[in-house]
Each structure stands twice: as C-alpha cells, then as structure tokens.
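Read in this note's numbering, the sequence shown has 181 at position 180, and its numbers run on one by one without any break.
Even for Gly, the Cβ is constructed at its ideal location relative to N, Cα and C.
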Amino acid sequence: MKLPNESKQEMVILEYFNTKGRDNMVAMYGARMDGENYGKMFLYKFPTGGTVYSPMLFKQKINQDPVISKELSLWDTKGSEVQFGNILIVPIENSLLYVEPLYLRASGEKSIPEMRNVIVGYGDKLVLAPNIETALKNIFNIKDEGGSKPNTPGQPVVTGDMNKIKEIYSKAIEAQKSGDWAKYGEYITELGNLINSLSQ
C-alpha cells in the first residue's frame with residue numbers, strides 16, 4: 002500500500018484494533034517491510050465521527066443484507082453447511098475493502114468445504130459473487146471487454162488484471178490457512194496495489 006505522504010507503494014503488515022467492549026474499528030497498526038524503512042512501526046487512528054467496520058461489524062452487515070441472507074438460507078435448506086472464511090481487509094486509498102470467502106460443506110463426516118462464493122464490501126456497497134474477479138467488477142462497476150455494463154468515468158476496461166487478482170487472492174488464502182503471515186502480508190500488499198489500480 003502507499004502510506005500517507007509517501008510517493009510509492011510498499012509492503013506493510015497490518016493489524017486492526019477496536020476498543021474493549023465495542024465493535025467499531027478505531028485504529029490500524031502496522032510495520033513497514035521494505036528497504037531502509039524495514040521494521041518501522043506506525044499507528045493510524047480512524048476518525049471518530051463515523052462507523053469503521055471491524056470484522057464482527059462486517060459480518061453483522063452481511064447478515065442484515067436481505068439478498069445475501071436469503072441466498073445463505075437457501076444453501077442451508079439444501080443440506081449444505083455454509084462456512085465463512087477469514088475476512089481480508091485491504092486499505093484502498095482513504096477507505097477499506099473487505100473480502101470474505103464462503104465455503105459450502107456437504108453433509109457427511111468426510112466432506113471437505115469447497116469455496117463457492119465471495120462477499121466483497123466497499124463503502125456502502127456489498128456484493129455476493131461466485132469469484133473475486135466478478136465481485137470486484139461489480140463493486141467498482143467495471144465492464145468486460147465485450148460486456149454491456151457501463152463504466153463510471155475514469156475506470157478502465159480490465160482484462161489481465163482480474164486474472165492476476167484471482168491468483169494473488171488464492172495465494173493469500175492459502176498462506177493464511179498455513180499460518181505463513183510473512184507471505185500473507187506480501188500477497189495482501191500486492192492485492193491492495195492491484196485493486197487500487199482498479200478503483201482509480
């Protein structure tokens with residue numbers, strides 16, 4: 002990500018905090034990982050005037066969304082168990098992008114959860130899609146090469162970037178599962194840079 006008052010992107014590892022007994026996210030604490038800034042720590046406090054979603058608040062927002070909650074209920078009634086993955090929070094300029102994978106697990110002791118959908122939140126928008134590329138296209142209103150979806154001014158028609166985003170997102174999920182937090186931080190930084198290019 003690009004830190005305030007810096008001219009270029011860099012790798013950082015981030016942790017998010019909320020106050021005791023409350024779910025609103027209040028601060029972001031990070032460590033810089035590049036070059037001469039390696040190991041330097043920083044703290045950014047979020048403005049107190051509005052709501053900054055913590056992972057718990059983001060899940061509440063998902064449960065309150067009528068379209069998504071209805072879809073989840075349908076999956077449950079078909080004999081499949083819906084499992085939520087870990088939420089990824091990616092800083093995008095002056096906002097935050099939330100990404101949560103959804104897994105379906107068939108009935109049976111030996112069944113393995115399969116990732117079937119992803120939920121992406123940005124600002125007031127919340128999108129449920131079968132994969133990260135479609136979710137980002139919907140959240141940023143980006144059209145395909147031959148698609149009919151309108152573009153907002155200044156947004157490019159993206160082709161190869163989406164494949165790269167899918168690849169990096171999958172790697173981040175795997176690193177998270179295996180507990181390789183250094184690699185996870187690298188992938189999240191790269192993912193943030195790619196998504197930043199979409200939102201500009």
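- V119 has its alpha-carbon roughly 14 Å from the corresponding atom of V68.
- In the DSSP assignment, Q84 forms a beta bridge with Y104.
- Taking the Cβ atoms as the reference, S70 lies roughly 19 Å from R106, outside the contact range of under 8 Å.
- If you keep only unbroken beta strand (DSSP E) runs of at least 3 residues inside the segment 12-36, you get 13-19, 26-33.
- Closest option to D162, judged by alpha-carbon separation, among W76, G193, K178: G193.
- Non-local beta-carbon contacts of Y30 in its own chain, meaning distances under 6 Å to residues more than five positions away in sequence, involve E16, L44 in chain order.
- Check the Cα spacing between R23 and each of M57, L89, P48, Y39: the tightest is with M57.
- Between the alpha carbons of R33 and S74 lies a gap of roughly 42 Å.
- Take the alpha-carbon of K60 and the one of G124: they are about 15 Å apart.
- In the DSSP assignment, I120 falls within the beta strand (DSSP E) that extends over 115-123.
- Scanning the segment 39-82 for uninterrupted alpha helix (DSSP H) segments of 4 residues or longer gives 56-65, 67-78, listed from N- to C-terminal end.
- In this chain, the alpha helix (DSSP H) harbouring L137 covers 133-141.
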